[in-house]
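Remarks on the structure that follows.
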Amino acid sequence: YLLDDAPDFERFIFVTSEEAFDVRQLMASIAPQLRGSAWLDQGMLEFPEDFDVYRVDLIKPRGTR
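Quick note: the sequence shown uses this note's numbering, first residue 1, plus one each step.
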């Protein structure tokens, strides 16, 4: 991955399931959470229980990209 110019950190959220799933449908189910900034402060989104969710934050040193 090539990190962009966003300051401080990059956040990746990996979602897995034992069953195949439609990404658009999953995104629609969490869309209301994405409309606000509360999830950024809390650091996590709530997903349906059929999914395993892993969060990775890459902290950027100040003054670098």
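Positions of the beta carbon are idealized from the N, C-alpha and C atoms, including for glycine.
C-alpha gap between residue i and residue j, whole angstroms
i, j, result
"residue 7", "residue 60", "7 angstroms"
"residue 32", "residue 45", "10 angstroms"
Sub-7 angstroms separation of residue i and residue j beta-carbons
i, j, result
"residue 11", "residue 57", "yes"
"residue 54", "residue 9", "no"
Residue range of the alpha helix (DSSP H) that includes residue i
i, result
"residue 26", "23-34"
Residue interval of the beta strand (DSSP E) (run including residue i)
i, result
"residue 11", "9-16"
"residue 57", "52-59"
Pick from the options that is closest to residue i, judged by C-alpha positions
i, options, result
"residue 19", "54, 2, 50", "50"
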